[in-house]
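Q: Chains as they are written, first to last, in our numbering: chain A, 156 to 480; chain B, 8 to 410. In this text, a Cβ means the ideal position worked out from N, Cα and C, and glycines have one as well. Just so you know, these numbers come straight off a predicted model, no measurement behind them. Right, I'll just put the structure down here and ask away after.
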Amino acid sequence: MLYREALNKAIDEAMEIDKSVVILGEDVGRYGGSYRVSEGLFAKYGKERVIDTPIAELSIVGNAIGMAIAGLRPVAEIMTVNFSLLALDQIINHASKFRYMSGGKLAIPLTVRMPGGVSRQLAAQHSESYETIYASIPGLIVFAASNPNYAYHALKKAIFLNDPVIFLEHELLYNEEGEVDFNEDLDPFKAKVVKEGEDITVISYLKMVKDSLKAIEKIEKSLNITCELIDLNSLRPLDMQTIANSIKKTKRAVIVEEDHKSGGYGAEVCARICEELFYELDAPVLRIAGEDVPIPYNRKLELASIPTPDKITAKIISWAKENGV
Amino acid sequence: MEYKIVMPVLSDTMDKGKLIKWHVKENDRVKKGDVIAEVESDKAIMEVQTFKDGVVKKLLAKEGDEIEVKKPIAIIETDTKEAENKKEQEEKPKERVQKNNLKETKEEISIFEDILPANKPKIAKTKAAASPAAKKEALKINLDIESLQKEGKIPTPAHLKDIKETELKKYFTPKALKLIKEYQIDINSFKLNKKYKEEDIKNFIKENNIPKISPLSSNQKAVIQNLKNSLQKPIFHIYETIEIGFDIKFKFTAYFLKILAKVMQNHPKTRAVLKQNSLQIYPSSNISVALAKDNELYMAVIKKAEDKSLNQIEEWLKEIKTKKLSKEDMEGSTFGVSNLGMFKIEAFDAIINKDDSAIAAIGEIKENRFKTIFTFDHRILNGKDAALFVKELKEAFLEGRYV
Numbered sequence: 156m157l158y159r160e161a162l163n164k165a166i167d168e169a170m171e172i173d174k175s176v177v178i179l180g181e182d183v184g185r186y187g188g189s190y191r192v193s194e195g196l197f198a199k200y201g202k203e204r205v206i207d208t209p210i211a212e213l214s215i216v217g218n219a220i221g222m223a224i225a226g227l228r229p230v231a232e233i234m235t236v237n238f239s240l241l242a243l244d245q246i247i248n249h250a251s252k253f254r255y256m257s258g259g260k261l262a263i264p265l266t267v268r269m270p271g272g273v274s275r276q277l278a279a280q281h282s283e284s285y286e287t288i289y290a291s292i293p294g295l296i297v298f299a300a301s302n303p304n305y306a307y308h309a310l311k312k313a314i315f316l317n318d319p320v321i322f323l324e325h326e327l328l329y330n331e332e333g334e335v336d337f338n339e340d341l342d343p344f345k346a347k348v349v350k351e352g353e354d355i356t357v358i359s360y361l362k363m364v365k366d367s368l369k370a371i372e373k374i375e376k377s378l379n380i381t382c383e384l385i386d387l388n389s390l391r392p393l394d395m396q397t398i399a400n401s402i403k404k405t406k407r408a409v410i411v412e413e414d415h416k417s418g419g420y421g422a423e424v425c426a427r428i429c430e431e432l433f434y435e436l437d438a439p440v441l442r443i444a445g446e447d448v449p450i451p452y453n454r455k456l457e458l459a460s461i462p463t464p465d466k467i468t469a470k471i472i473s474w475a476k477e478n479g480v
Numbered sequence: 008m009e010y011k012i013v014m015p016v017l018s019d020t021m022d023k024g025k026l027i028k029w030h031v032k033e034n035d036r037v038k039k040g041d042v043i044a045e046v047e048s049d050k051a052i053m054e055v056q057t058f059k060d061g062v063v064k065k066l067l068a069k070e071g072d073e074i075e076v077k078k079p080i081a082i083i084e085t086d087t088k089e090a091e092n093k094k095e096q097e098e099k100p101k102e103r104v105q106k107n108n109l110k111e112t113k114e115e116i117s118i119f120e121d122i123l124p125a126n127k128p129k130i131a132k133t134k135a136a137a138s139p140a141a142k143k144e145a146l147k148i149n150l151d152i153e154s155l156q157k158e159g160k161i162p163t164p165a166h167l168k169d170i171k172e173t174e175l176k177k178y179f180t181p182k183a184l185k186l187i188k189e190y191q192i193d194i195n196s197f198k199l200n201k202k203y204k205e206e207d208i209k210n211f212i213k214e215n216n217i218p219k220i221s222p223l224s225s226n227q228k229a230v231i232q233n234l235k236n237s238l239q240k241p242i243f244h245i246y247e248t249i250e251i252g253f254d255i256k257f258k259f260t261a262y263f264l265k266i267l268a269k270v271m272q273n274h275p276k277t278r279a280v281l282k283q284n285s286l287q288i289y290p291s292s293n294i295s296v297a298l299a300k301d302n303e304l305y306m307a308v309i310k311k312a313e314d315k316s317l318n319q320i321e322e323w324l325k326e327i328k329t330k331k332l333s334k335e336d337m338e339g340s341t342f343g344v345s346n347l348g349m350f351k352i353e354a355f356d357a358i359i360n361k362d363d364s365a366i367a368a369i370g371e372i373k374e375n376r377f378k379t380i381f382t383f384d385h386r387i388l389n390g391k392d393a394a395l396f397v398k399e400l401k402e403a404f405l406e407g408r409y410v
């Protein structure tokens, strides 16, 4: 099943189970969503529950919050995280704070879906990753789907959570094929050990999970060691337990993210590891991240600005050799 | 002029597009802006227009086809020269505008050049004495990292591995440690209250009957797979004593290969392999020869053995003993030979190599006679085929044919 089909199925099933689930956003209705995630839903549920909105992100989320207060379970789609900047006031100042400000009388069962990351030549204004902003806001839940299985389960559960969820997708993953285990009772807050290993823990999320996995194959052959790969899945809250279990075993951690290095989400993970697992470490934590530049349009420069499987491989190998692996 | 309409790139993630519907037929006249087709990207269905006037010369795809982006889907024959002249005129002013733009951008960049930060110097890495994990372990077992580093016993910075190895060296001699590693013994099996020597570990291995673990080489794995496959084959044997009617001046295997290769020329099925439900009969006598080298078994293949002289075959036998065998050196055979006669083995039967039709197992020569057991793949050769082949081989040996 494709990643976008898994998301579509999650929304479809949620809408079937619960009449209060509605979706809204730019082109989600008649057009089927700019990445075809809501394809077929307009025909099935009609314009009352699948709502095409004007190009006005602040109002999309603002309206969704209103729906949520009034008892609906809205799923808002923002075309890309880059445009979500226009909706920040509603997300940060309203959605995340209503439960707290109302003394628990109001719940905001809202899901805001948005794809981000570096796609192919969309240039600086359409290639950002803003998980670091959302993951720093108390009152929000942030999920990051790296594969169809998590996309299906986590989105469906997000819709039925009573707090606002920022559901992050990646533009290059929509056509990713993967198996979905419909019988699984997946905990969306738990990080997943994608691959077990003994010597290095590689922590990643979204598309970099796939790239890290490719790199690990070469690293293991080259260094004759085994690597453990963790997909964070939930960025807020962060599942430190899974990270700790792994680092206690391997004693070494690498964080791979696509976002710019300065202030990127990896900085938070790195800080938590140093705070909580300092005496377990046998090597400095390695951070592999994007360069501190606006993402270039030129394809070669674009690739030069973000981690790729080859770069991840080379960086981990040289770091491992420096640090006694 | 021909104008090609290509599969458009409709989204940043689109690799292929599906042609949903043609709006034109071949030989239709089209005008700039006309919709000629509908294509589906990974996102949505979009219309494809022609950007030139003309006649549809050829449609290169059918409805339902998936076509890579930027690959042509239709060819339009553009109408007249006039139309092209007009087009050129339209394009020229554009170029001029672009050039002007470039100039402006360049000037703007020069304004900002001064405020770009200079390359920052890299922060020199502090040479830490040891990693946190190493320090923790050292504390636990009462080890002084600094003095060990001064003595040059462990590196700087020290890692967990260095501390653990130092600790083990207290209780095990280097030879003892080597054995522990070789036999993959859990270090916790030993009480760390004395120094263990090689002898102690050897005794421990014997007492506990611990096997030495010798990983299979890739060749060994291939041999095992080959043997497993051979087990599936329906086979039968022919047992023969063959008499030699000539004097032996070369290696005996060379004679056997030479005569075998010649006789194989008269029996096509010995030159056959079974593949894709058919017999594939090769013109040459390519024979695989079992070869023991560095404790491993190889089946080296001599190609076109029927054309080679005894001298050449003997040279080949010497060569494969020393050279590193490539994949090609072990491919393409239809018949196998294994000679254990040189080890004074009277008779034995052998297992057919890969896709070969048969194998001959040669025993020791006694008074100009030797026993050979042939194993045939019954799917390729019947009893009669095999009998006639062995009969001719026998006669050839007796008469000294081909040598």
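Tell me the residue span of the alpha helix (DSSP H) that contains B:K77.
A: Careful: B:K77 lies outside any alpha helix (DSSP H) and carries neither H nor E.
Q: Assign A:R191 to buried or exposed, taking buried as 16 or more other Cβ atoms, counted over all protein chains shown, within 10 Å of its Cβ.
A: Buried is the call here.
Q: Should the stretch 179-193 of chain A be called in touch with the stretch 216-235 of chain A, which here means at least 3 C-beta pairs below 8 Å?
A: The stretch 179-193 of chain A vs the stretch 216-235 of chain A: in contact.
Q: In this structure, does DSSP put B:I52 in helix, strand or coil?
A: Three-state result, B:I52: strand.
Q: Can you check whether the CB of B:K38 is closer than 8 Å to the CB of B:E60?
A: First, the residue type needs correcting, since residue 60 of chain B is Asp and not Glu in the sequence shown. In contact: B:D60 and B:K38 (Cβ atoms closer than 8 Å).
Q: Could you spell out the range, first to last residue, of the beta strand (DSSP E) harbouring B:N346?
A: Segment 342-346, the beta strand (DSSP E) holding B:N346.
Q: Based on the DSSP output, what are the partners of B:K11 in its beta bridges?
A: DSSP output for B:K11 lists B:I82 as bridge partner(s).
Q: Look up B:T379 in the DSSP assignment and give the residues it is bridged to.
A: The partner list for B:T379 (beta bridge, DSSP) reads B:E247, B:I369.
Q: Please compile the residues from chain A whose C-beta is within a distance smaller than 7 Å of the C-beta of B:K143.
A: Here the neighbours are Y434.
Q: Work out the CA separation of B:T277 and B:L286 for me, nearest whole Å.
A: Going from the Cα of B:L286 to the Cα of B:T277 covers about 11 Å.
Q: List, in chain order, every chain B residue whose beta-carbon is nearer than 8 Å to that of A:E326.
A: Simply D19, T20.
Q: At what residue ranges does the stretch 226-288 of chain A contain a whole run of the alpha helix (DSSP H), taking only runs of 4 or more?
A: Runs found: 236-239, 253-256.
Q: Can you list the residues of chain A that B:S221 reaches, using a CB-CB cut of under 7 Å?
A: By Cβ distance, chain A contributes nothing, its closest Cβ being about 18 Å from B:S221, past 7 Å.
Q: Put B:D151 into one of helix, strand or coil per three-state DSSP.
A: Coil at B:D151, not helix or strand.
Q: Confirm, please, whether the CB-CB distance from A:N338 to A:P264 is below 8 Å.
A: Contact flag unset, no.
Q: What is the DSSP secondary structure of A:D394, counted as helix, strand or coil?
A: If DSSP states are grouped into helix, strand and coil, A:D394 belongs with coil.
Q: Tell me the DSSP bridge mates of B:K28?
A: In the DSSP output, where bridge partners are listed per residue, B:K28 has B:E45.
Q: Whose C-alpha, out of B:E326, B:A297, B:N389, is nearest the C-alpha of B:L347?
A: When each option's Cα is compared against that of B:L347, the closest is B:A297.
Q: Note down, in chain order, each residue of its chain lying with its Cβ closer than 6 Å to the Cβ of A:R204, except the 5 sequence neighbours on either side.
A: Counting only Cβ-Cβ distances below 6 Å, and skipping sequence neighbours, we find V177.
Q: Leaving aside the five residues before and after B:K106 along the sequence, list all residues of the same chain whose C-beta is less than 6 Å from its C-beta, in chain order.
A: Residue placement at B:K106 cannot be trusted, given a pLDDT of 49 that sits under 50; what the coordinates show is reported in the next sentence. There are no such residues.
Q: A:D447 lies in the beta strand (DSSP E); which residues open and close that run?
A: Taken as a continuous stretch (DSSP letters only), A:D447 belongs to no beta strand (DSSP E), as it is neither H nor E.
Q: Grouping DSSP H, G and I as helix and E and B as strand, with all else coil, what is B:K391?
A: Helix, per DSSP.
Q: For the alpha helix (DSSP H) that contains B:Q319, what are its first and last residues?
A: That run of the alpha helix (DSSP H) goes 317-329.
Q: Please name the residue in A:E334, A:D437, A:I461 whose C-alpha comes closest to that of A:D354.
A: Selected option, being the one with the closest Cα: A:D437.
Q: On the premise that A:S401 lies in contact with A:E383, defined as a C-beta separation below 8 Å, what is that separation, rounded to the nearest angstrom?
A: At roughly 5 Å, the Cβ-Cβ gap stays under 8 Å, so A:E383 and A:S401 are in contact.
Q: Could you tell me which uninterrupted beta strand (DSSP E) segments, each at least 3 residues in length, are contained entirely in the stretch 403-465 of chain A, listed from first to last along the chain?
A: Whole beta strand (DSSP E) segments, 3+ residues: 408-415, 441-445.
Q: Could you compute how far the alpha carbon of A:A242 sits from the alpha carbon of A:K312?
A: Computed Cα separation, rounded: 23 Å.
Q: When DSSP labels each residue in this structure, what does A:A300 get in the three-state scheme?
A: Coil, per DSSP.
Q: Measure the alpha-carbon distance for B:E158 versus B:D151 and round it to whole angstroms.
A: Their backbone Cα atoms lie some 11 Å apart in a straight line.
Q: With a threshold of 7 Å on Cβ separation, who are the neighbours of A:I220 within its own chain once the five nearest residues in sequence on each side are excluded?
A: Cβ within range, chain order: Q245, H249, A250, I263, L265.
Q: Report whether the distance from the Cβ of B:H30 to the nearest heavy atom of the ligand ATP is below 7 Å.
A: In the structure on display, the ligand ATP does not appear, and there are no ligands present to speak of.
Q: So is B:K113 buried or exposed if we call it buried at 16+ other beta carbons inside 10 Å?
A: Low confidence applies here, because B:K113 scores a pLDDT of 47, under 50, leaving its location unreliable; read the following figure in that light. Answer is exposed; the Cβ neighbour count stays below 16.
Q: How is B:K160 classed by DSSP in three states: helix, strand or coil?
A: Coil, per DSSP.
Q: For B:I359, which three-state DSSP category applies?
A: B:I359 falls in the coil class under three-state DSSP.
Q: Here's a check: name, in chain order, each residue in its chain whose Cβ is nearer than 7 Å to the Cβ of B:L405, leaving out the five neighbours to either side.
A: Cβ within range, chain order: E250, G252.
Q: Can the beta-carbon of B:I358 be found closer than 8 Å to that of B:S237?
A: Yes, these two residues count as a Cβ contact at 8 Å.
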